[in-house]
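As they're listed, the protein sequences go chains U and R. If you read the first sequence in the working numbering, its first letter stands for residue 1, the second for the next number, and so on. If you read the second sequence in the working numbering, its first letter stands for residue 195, the second for the next number, and so on. We treat Cβ as the ideally placed atom computed from N, Cα and C, and that holds for glycine. One structure is given here, and the rest of the page talks about it.
Number of protein chains: 2
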Amino acid sequence: MPAGERRESILEAATAVFGERGYVGTTTDAVAKAAGVSQPYVVRMFGTKEQLFLEVLQRALDRLLATFRGVIAEHGPGGKEALGALIGNAYADLLRDRGLLLSLMQAFMLGADPVIGPAARAGLLEVYAVLRDEAGFTSDEADAFLSHGMMLNTLVAIGMAGSYETDPSARELIDACAPSKAPLIVRLAKQHRA
Amino acid sequence: MPAGERRESILEAATAVFGERGYVGTTTDAVAKAAGVSQPYVVRMFGTKEQLFLEVLQRALDRLLATFRGVIAEHGPGGKEALGALIGNAYADLLRDRGLLLSLMQAFMLGADPVIGPAARAGLLEVYAVLRDEAGFTSDEADAFLSHGMMLNTLVAIGMAGSYETDPSARELIDACAPSKAPLIVRLAKQHRA
DNA sequence: GTCTATAGGGCGATAGAC
DNA sequence: GTCTATCGCCCTATAGAC
Chain U
1 MPAGERRESI LEAATAVFGE RGYVGTTTDA VAKAAGVSQP YVVRMFGTKE QLFLEVLQRA
61 LDRLLATFRG VIAEHGPGGK EALGALIGNA YADLLRDRGL LLSLMQAFML GADPVIGPAA
121 RAGLLEVYAV LRDEAGFTSD EADAFLSHGM MLNTLVAIGM AGSYETDPSA RELIDACAPS
181 KAPLIVRLAK QHRA
Chain R
195 MPAGERRESI LEAATAVFGE RGYVGTTTDA VAKAAGVSQP YVVRMFGTKE QLFLEVLQRA
255 LDRLLATFRG VIAEHGPGGK EALGALIGNA YADLLRDRGL LLSLMQAFML GADPVIGPAA
315 RAGLLEVYAV LRDEAGFTSD EADAFLSHGM MLNTLVAIGM AGSYETDPSA RELIDACAPS
375 KAPLIVRLAK QHRA
């Protein structure tokens with residue numbers, strides 16, 4: 001396999017594993033097994049585990065921002081209030097890219113790390129900048145969007161959707177905090193278990 | 195030192211370390227050093243690192259819920275809309291208890307863990323139940339409260355407040371997403387650096 | 001109640017063959 | 001481009017003295 005493709009397939013596998021186990025909890029061996037290569041090969045290709053995570057983070061940010069910009073561009077000069085809902089749906093759709101939003105969230109939790117911390121802060125600031133400057137969100141709109149995004153990330157990370165159908169209180173929480181996304185995250189939780 | 199006091203001082207130290215480094219990233223030795231005891235003593239007292247984290251999580255939840263209930267009880271039969279702001283302020287005040295809210299957030303990120311995951315989900319559900327059943331929040335109010343709580347946790351975890359005065363875009367983000375809490379988290383970030 | 005010493009296991013990274 | 005073998009470190013947990 002050419003190096004470019006192999007790189008991408010390892011990054012994809014790493015995104016899923018980092019998203020589920022976190023940075024420290026992920027072993028390069030687990031990433032290697034998920035990608036179907038040997039552990040030393042992963043290290044050889046990315047240098048260090050830290051560098052691998054930084055590339056996963058950058059790739060996740062690139063895709064998130066590209067998705068937002070795609071929605072903004074396609075939206076055209078129509079009504080402004082519809083854009084918020086469109087970007088919100090596009091954001092939730094990114095949950096299909098397994099581990100992508102969770103890897104971002106894991107990076108956000110690593111602010112104390114001298115290398116990952118600065119990259120994570122820069123990434124979050126870039127997201128906010130795109131919402132304000134390119135999507136035209138007010139600061140209140142950006143606040144609501146980011147806050148609910150963090151809530152959604154947390155609900156997925158904690159695995160609450162896995163109890164949606166068996167635990168009425170889990171259902172109530174999800175319906176309250178992520179109403180329109182409930183069907184999606186419940187479906188993804190089932191797929192994940194299978 | 196009597197066992198009870200020693201226990202509490204280790205739990206306090208562990209809360210700070212777990213909050214900053216996460217569950218997997220925390221060594222029992224780091225907790226021991228922060229508490230001024232030897233590493234084997236920490237393990238001896240709590241059995242395992244996992245058990246220690248579970249106790250940190252439970253202690254954090256207990257304090258969070260006790261704080262909420264205190265505000266609800268003191269508030270009396272007065273205006274209902276004021277209670278939301280009071281609980282919000284009480285929540286932000288818990289940031290002074292170093293690592294407490296961050297340890298909770300770290301637990302929320304461990305949903306995939308077979309032992310910690312269930313405890314974290316039960317904890318979040320209990321918080322939601324208190325907001326709905328004891329504070330009398332509507333589901334929309336609970337959603338807004340929890341979402342902004344997650345956002346605040348994320349801003350603190352990522353260390354954004356450390357750039358508040360040097361980076362105008364960090365300031366803009368914090369002012370947008372945690373307006374009334376900005377002075378507090380900036381002060382805490384400074385204390386933490388010193 | 002608290003320590004020192006250390007066993008035991010796992011992980012990131014390197015060496016080097018093919 | 002990819003692997004096997006392995007080094008060396010770090011970390012949890014145990015043993016056992018004081």
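Taking the continuous alpha helix (DSSP H) assigned at residue i, which residues delimit it?
i, result
"R326/R", "No alpha helix (DSSP H) holds R326/R; DSSP gives it neither H nor E."
"G70/U", "K49 to H75"
"K384/R", "A376 to R387"
"P40/U", "Q39 to F46"
"Y91/U", "K80 to D93"
"R215/R", "A197 to R215"
"M344/R", "S333 to I352"
"T360/R", "No alpha helix (DSSP H) contains T360/R, which DSSP labels as neither H nor E."
"V31/U", "T28 to A35"
"M299/R", "L294 to F302"
Should residue i be labelled buried (16 or more other beta-carbon atoms within 10 Å of its own) or exposed?
i, result
"G293/R", "buried"
"M105/U", "buried"
"K374/R", "Correcting the residue type first, residue 374/R is Ser in the shown sequence and not Lys. Exposed: under 16 other Cβ atoms inside 10 Å."
"E5/U", "exposed"
"A73/U", "exposed"
"D334/R", "exposed"
"R315/R", "buried"
"D223/R", "exposed"
"M195/R", "exposed"
Does the Cβ-Cβ distance between residue i and residue j come in under 8 Å?
i, j, result
"G353/R", "G111/U", "yes"
"T261/R", "L280/R", "no"
"L258/R", "H269/R", "no"
"C177/U", "L155/U", "yes"
"F108/U", "A351/R", "yes"
"V218/R", "V24/U", "yes"
With residue i and residue j assumed to form a contact (beta carbons below 8 Å), what rounded beta-carbon distance in angstroms separates them?
i, j, result
"E55/U", "L11/U", "6 Å"
"I310/R", "F240/R", "No, I310/R and F240/R are not in contact; Cβ-Cβ is about 14 Å, not under 8 Å."
"S9/U", "A35/U", "6 Å"
"L57/U", "A119/U", "6 Å"
"L296/R", "E214/R", "7 Å"
Got a sec? Which residues, its chain only, sit under 8 Å from residue i by beta carbon, not counting five neighbours each side?
i, result
"D97/U", "T15 and R63"
"V130/U", "L65, F68 and R69"
"K274/R", "G330"
"R7/U", "M45"
"N153/U", "L101, L102, L104 and M105"
"Y41/U", "A32"
"R387/R", "G356"
"Q191/U", "none"
"E244/R", "V309 and I310"
"M151/U", "C177 and A178"
In chain order, what residues of the same chain lie with their CB nearer than 7 Å to the CB of residue i, ignoring the 5 residues before and after it?
i, result
"T220/R", "V211 and F212"
"V71/U", "L86, I87 and A90"
"L173/U", "M160"
"D175/U", "A182"
"S232/R", "A226"
"A336/R", "Y322, L325 and R326"
"L378/R", "A286 and L289"
Please work out which residues of its chain come closer than 6 Å, Cβ to Cβ, to residue i, disregarding the five sequence neighbours upstream and downstream, and give them in chain order.
i, result
"A189/U", "A161 and G162"
"A338/R", "none"
"G216/R", "Q300"
"R59/U", "L11"
"A197/R", "none"
"V186/U", "A161 and Y164"
"G123/U", "L61"
"E328/R", "I266"
Does the distance between the C-beta of residue i and the nearest non-hydrogen atom of the ligand ZN fall short of 7 Å?
i, result
"L100/U", "No copy of the ligand ZN appears in this structure; indeed no ligand is present at all."
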